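For reference, the structure discussed in these notes is given below.
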Ligand SMILES: *Cc1c(COP(=O)(O)O)cnc(C)c1O
């Protein structure tokens with residue numbers, strides 16, 4: 114059995130019922146994705162449009178492609194025909210562009226609202242206050258070609274587990290608050306996307322239900 118197959122099996126066995134696995138395959142070659150596919154994996158996460166496009170054309174058509182990195186508005190049109198979930202809905206401008214491209218494709222595109230709770234300035238996303246304001250504005254209801262499916266967030270890159278835990282809990286609380294306020298009768302608002310290779314068990318304890326694991330499946334990335 115190949116190492117990727119072993120990693121997929123071990124990772125999946127470690128996930129409680131109801132927690133989905135997004136296999137983050139950025140920077141890894143198609144042959145590696147195919148090994149994961151043959152091990153039964155169907156959800157793959159990519160973070161660069163120019164890399165995702167050829168992979169999506171060359172690999173099996175029943176793969177669900179998730180976009181997880183910062184997405185430039187001028188590139189949305191290239192992935193709008195096929196992307197199944199965008200985790201990184203990090204600005205109102207981007208949400209509007211996804212909506213407009215989805216409309217041209219005759220699609221409704223699933224999106225998560227990315228929250229910025231980590232301490233690094235480089236990470237993108239809505240602050241908690243911005244997110245609550247935007248939801249309260251009700252403006253998102255006009256974007257009828259996107260479906261808001263939940264929230265996504267990343268913790269600070271640190272050894273400080275207490276900090277990571279408190280950030281995950283903030284993200285989960287935002288998920289619960291927004292669901293309660295705006296999606297009570299809509300079970301499509303269902304994803305709390307948190308956790309990567311190093312911190313996904315903790316993220317799950319804090320309420321994640323979709324984890325984004327790259328290195329733990331495919332090994333180190335070579336940039
Ligand atoms: C690269 C990336 C991951 C996966 O990171 P690993 O540490 O390799 O598991 C998860 N989420 C996002 C947003 C990423 O960019």
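In my numbering, the protein residues as written are 114 to 336. Every residue gets a Cβ at the ideal spot worked out from N, C-alpha and C, and that includes glycine. As the structure is a prediction and not an experimental result, all values here were calculated from the model.
| task | In the DSSP assignment, find the unbroken beta strand (DSSP E) run with residue 265 in it and report its ends. | result | Segment 259-266, the beta strand (DSSP E) holding residue 265.
| said: Helix, strand or coil for residue 136? Go by DSSP, reduced to three states. | reply: It is a strand residue.
| What residues match up with residue 239 in a beta bridge as DSSP calls it? | DSSP, once it has assigned bridges, lists 228 as partnering residue 239.
| request: Assuming residue 323 contacts residue 135 (C-beta within less than 8 Å), just tell me the rounded distance between them. | output: Taking C-beta atoms under 8 Å as the contact rule, residue 323 and residue 135 qualify, at a distance of about 6 Å.
| Own chain partners of residue 191 with C-beta closer than 7 Å, once the 5 adjacent residues on each side are dropped | Closer than 7 Å at the Cβ level, and outside the excluded window around residue 191, lie 162 and 166.
| query | Opposite residue 214 in the DSSP bridges: which residues? | reply | The partner list for residue 214 (beta bridge, DSSP) is empty, contrary to what the question assumes.
| In its own chain, which residues sit with a C-beta less than 7 Å from the C-beta of residue 175, not counting the 5 before and 5 after it? | Cβ within range, chain order: 155.
| request: Quick one: residues in its chain with C-beta nearer than 6 Å to the C-beta of residue 222, no 5 flanking neighbours on either side, listed in chain order? | output: Taking C-beta separations shorter than 6 Å and ignoring five residues to either side along the sequence, the partners of residue 222 in its chain run 211, 215 and 259, following chain order.
| request: Could you check how far apart the C-beta atoms of residue 141 and residue 334 are, in whole angstroms? I think they sit under 8 Å. | output: Yes, they are in contact, since the Cβ atoms of residue 141 and residue 334 sit about 7 Å apart, within 8 Å.
| Nearest-angstrom Cα distance between residue 160 and residue 256? | Near 24 Å, if we compare the C-alpha coordinates of residue 256 and residue 160.
| residue 281 - containing alpha helix (DSSP H), residue span | Counting along the chain, the alpha helix (DSSP H) containing residue 281 begins and ends at 274-295.
| According to DSSP, is residue 161 helix, strand or coil? | The three-state reading of DSSP puts residue 161 in coil, since its state is none of H, G, I, E or B.
| field | residue 309: CB within 8 Å of a non-hydrogen atom of ligand 1 | value | True, at least one ligand heavy atom lies under 8 Å from that Cβ.
| Proximity below 9 Å, CB of residue 225 to CB of residue 200 | In this structure, residue 225 sits near residue 200, with a CB-CB distance shorter than 9 Å.
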